[in-house]
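Working notes for the structure below.
In our numbering, the protein residues as written are 563 to 961.
Take a look at the structure:
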């Protein structure tokens, strides 16, 4: 079953790549309008959506086969949670597409789903039984609801990003073009994480350190990438590169120095890939190239989609990330709330999107202001997914 689930996930990955190409052609290339549905998009866009549906069904198949192999719903570690997050994002995309029939959303949403799956693929995929802390029916209730809410909120980012690419003047440099390009670099760094991890995994790279872990015990920490940041007061016991410096002393969570080192490599590889993309584009910014590709996009429609995604995703996230989480915390730790890093960032996410709706409905922040807020919200979600999960120690570090 594990091999079947892996094959289905790979199938979804390939289908999303193919769908990205088709959506891009439907937006930037010659339009082949359907006679019956000329107003809803091109035939090639409809075919791209069909490919996305097939990819979604392949991922659903992955979930059920992985569930059969695990003996529990597959959301208990970083690999399973991140792949499930991509499923929820695609589900949200399918719903949005069926309502608006807009190919531009698919052109951005599918490659982000590809990046999320690639990001997930570098984590251990071993099938293991649930640890005692996770043996609760609230695991499925809490995590699936949070994932669905975050998946829909990520679509708000997609629509907001399309809006910004379309309306910001890319012919001259400004603060707006700088920050928009910074968002592009962030996405490329996420891709770089998957690429560089895959390269060193294929090379079977390894180097080891002795260090004192979060429990105060001496342990061995194995790096799978060259050590730019070594463990604090660690002693290298194998050959290999570095370290160039030590991780901060507070970074002593579950393999936190190793994960911090991976984050550094992600930025390095991402910047290299970004440089290559700029080279292919003749030195032009990614935002400039996409602005030309999305010249036929309707900005007010993107603004509406972005807002509606928040209006739907925010209450779903609140239910799963705060209400259900508090109930489970009371059962597991005999308290509804603590100041664990994951809990804090869930609260930050809640307050941010509450502020988004406040400014949107009470202050009239529509258009570009609203789009920038949706981009910031995505950065908050990604910071929680990447940095808080990988680097900061807490009660949720078992993930």
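Virtual Cβ for every residue (Gly too), placed ideally from N, Cα, C.
- Which ranges does the beta strand (DSSP E) cover as unbroken runs of at least 3 residues, wholly within the stretch 777-852, from first to last along the chain? 780-785
query: How would you label residue 737, buried or exposed, when you count the other beta carbons within 10 angstroms and need 16 or more for buried?
result: The residue given as residue 737 occupies position 175 in the chain shown. So residue 737 ends up on the exposed side.
Checklist line | Distance between residue 801 and residue 713 (C-alpha atoms, nearest Å) | finding: Against the chain shown, residue 713 aligns to sequence position 151. Against the chain shown, residue 801 aligns to sequence position 239. Using only the alpha carbons, I get a separation of about 42 Å.
- Query: Are the stretch 678-691 and the stretch 753-760 in contact at 8 Å, needing three or more beta carbon pairs?
  - Reply: yes
Using the three-state DSSP reduction, which class does residue 602 fall into: helix, strand or coil? Along the chain shown, read from residue 1 onward, the residue named residue 602 stands at position 40. Unreliable positioning characterises residue 602 in this predicted model, as indicated by a pLDDT of 42, which lies under 50. A coordinate reading is not provided.
| request: Classify residue 771 as helix, strand or coil using the three-state DSSP reduction. | output: Translated into positions along the chain shown, residue 771 becomes position 209. Note: residue 771 maps to strand in three-state DSSP.
Practice prompt. Could you tell me whether the stretch 912-921 touches the stretch 868-880, using the rule of 3 or more Cβ pairs below 8 Å?
Written response: yes
- [ ] Report buried or exposed for residue 632, applying the criterion of at least 16 other Cβ atoms within 10 angstroms of its Cβ.
- [x] Position 70 of the chain shown, counted from the start, is the residue given in the question as residue 632. So residue 632 counts as buried.
Next item on the list: Could you tell me whether any non-hydrogen atom of the ligand SAM is closer than 8 Å to the CB of residue 747?
Entry: As presented, the structure is devoid of all ligands, the ligand SAM included, so that no description of it is given.
How many Å lie between residue 896 and residue 812 at the Cα?
Reading the chain shown from its first residue, position 334 is the one you call residue 896. Reading the chain shown from its first residue, position 250 is the one you call residue 812. Roughly 27 Å separates the two Cα atoms.
Within this structure, are the beta carbons of residue 947 and residue 660 separated by less than 9 Å? The residue labelled residue 947 in the question sits at position 385 within the chain shown. The residue labelled residue 660 in the question sits at position 98 within the chain shown. Not in contact: residue 947 and residue 660 (Cβ atoms no closer than 9 Å).
Where residue 699 and residue 590 are concerned, what is the direct C-alpha to C-alpha distance, given to the nearest angstrom? Counting from one through the chain shown, the residue named residue 699 turns up at place 137. Counting from one through the chain shown, the residue named residue 590 turns up at place 28. Near 47 Å, if we compare the C-alpha coordinates of residue 590 and residue 699.
Q.
By the three-class DSSP mapping on this structure, what secondary structure does residue 892 have?
A. To locate residue 892, count along the chain shown from 1; it is residue 330. Residue 892 falls in the helix class under three-state DSSP.
Measure the CB-CB distance between residue 728 and residue 857 and report whether it falls below 9 Å. Taking the chain shown and counting its residues from 1, the one referred to as residue 728 is at position 166. Taking the chain shown and counting its residues from 1, the one referred to as residue 857 is at position 295. Against a cut-off of 9 Å, the Cβ pair of residue 857 and residue 728 comes out as a contact.
Requested in this report: Let me know the secondary structure DSSP gives residue 941 once reduced to three states.
Outcome: Within the chain shown, the letter at position 379 stands for residue 941. Three-state result, residue 941: helix.
Other residues of its chain near residue 622: CB distance less than 8 Å, five sequence neighbours each side excluded: By 1-based counting over the chain shown, the position of residue 622 is 60. These residues qualify, in order along the chain: 649.
What do you reckon, are the CB atoms on residue 509 and residue 751 nearer than 9 Å? Here the chain has residues from 563 to 961 only, and residue 509 is not among them.
Q | Contiguous alpha helix (DSSP H) assignments of at least 4 residues, all confined to the stretch 640-700 | A | 640-662, 665-683
So the alpha helix (DSSP H) residue 737 belongs to, where does it begin and stop?
Position 175 of the chain shown, counted from the first residue, corresponds to residue 737. Taken as a continuous stretch (DSSP letters only), the alpha helix (DSSP H) holding residue 737 covers 737-764.
**Message:** Let's see if you can read the secondary structure: which residues bound the alpha helix (DSSP H) around residue 913?
**Reply:** Position 351 of the chain shown, counting from 1, holds the residue named residue 913. Taken as a continuous stretch (DSSP letters only), the alpha helix (DSSP H) holding residue 913 covers 903-924.
Buried or exposed: which applies to residue 859, given that a residue is buried once 16 or more other Cβ atoms fall within 10 Å of its Cβ?
Taking the chain shown and counting its residues from 1, the one referred to as residue 859 is at position 297. It counts as buried.
| task | Report the three-state DSSP secondary structure of residue 730 (helix, strand or coil). | result | Here residue 730 refers to the residue found at position 168 when the chain shown is read from its first residue. Residue 730: coil per DSSP, three-state reduction.
Are residue 652 and residue 705 closer than 9 Å when you measure CB to CB?
-> In the chain shown, the residue the question calls residue 652 occupies position 90. In the chain shown, the residue the question calls residue 705 occupies position 143. No, they are not a contact pair.
Legend entry - Contacting residues, own chain, Cβ-Cβ under 6 Å from residue 603 (five flanking each side not counted): As a working mapping, residue 603 is identified with position 41 in the chain shown. Any reading at residue 603 needs caution, since the residue's pLDDT is 47, under 50, leaving its predicted position unreliable; the model's value is listed next. Around residue 603: 663, 665.
#### Entry: Where residue 771 falls, given that 16 or more other Cβ within 10 Å makes a residue buried
In the chain shown, the residue the question calls residue 771 occupies position 209. So residue 771 ends up on the buried side.
| Relative to the alpha-carbon of residue 769, which residue among 676, 643, 791 has its alpha-carbon at the smallest distance? | Residue 769 sits at position 207 when you count from the first residue of the chain shown. Comparing Cα positions, the closest option is 791.
### residue 899 burial status per 10 Å Cβ neighbour count (16 or more: buried)
Start at 1 with the first residue of the chain shown, and residue 899 comes out as number 337. Exposed, since its Cβ has fewer than 16 Cβ neighbours within 10 Å.
So the alpha helix (DSSP H) residue 948 belongs to, where does it begin and stop? As a working mapping, residue 948 is identified with position 386 in the chain shown. Taken as a continuous stretch (DSSP letters only), residue 948 belongs to no alpha helix (DSSP H), as it is neither H nor E.
In or out: residue 644 buried (at least 16 other Cβ within 10 Å) or exposed?
Position 82 of the chain shown, counting from 1, holds the residue named residue 644. Under this definition residue 644 is a buried residue.
Worksheet item: Which two residues bound the contiguous alpha helix (DSSP H) that contains residue 636?
Response: Translated into positions along the chain shown, residue 636 becomes position 74. Taken as a continuous stretch (DSSP letters only), residue 636 belongs to no alpha helix (DSSP H), as it is neither H nor E.
Boundaries of the alpha helix (DSSP H) in which residue 857 is found, first to last residue: Residue mapping note: residue 857 aligns to position 295 of the chain shown, counting from 1. Residue 857 -> no alpha helix (DSSP H), and no H or E assigned at all.
Task: Beta-carbon separation (whole angstroms), residue 614 vs residue 578, contact threshold 8 Å - done: The count along the chain shown starts at 1 and reaches residue 614 at position 52. The count along the chain shown starts at 1 and reaches residue 578 at position 16. Right, their Cβ atoms sit about 7 Å apart.
Give every residue of the same chain whose Cβ lies closer than 6 Å to the Cβ of residue 598, excluding the five residues on either side of it in the sequence, and list them in chain order.
As a working mapping, residue 598 is identified with position 36 in the chain shown. Low per-residue confidence applies at residue 598: pLDDT is 46, beneath 50, and the placement is therefore not dependable, though the value from the model is reported in the following sentence. Excluding positions up to five away in sequence, the list is empty.
**Prompt:** Where does residue 943 land, buried or exposed, given buried means 16+ other C-beta within 10 angstroms?
**Reply:** The count along the chain shown starts at 1 and reaches residue 943 at position 381. Buried: at least 16 other Cβ atoms inside 10 Å.
* Residue from 630, 608, 904, 624 with nearest C-alpha to residue 669 -> Working through the chain shown from its first residue, we reach residue 669 at position 107. That would be 608, whose Cα lies nearest to the Cα of residue 669.
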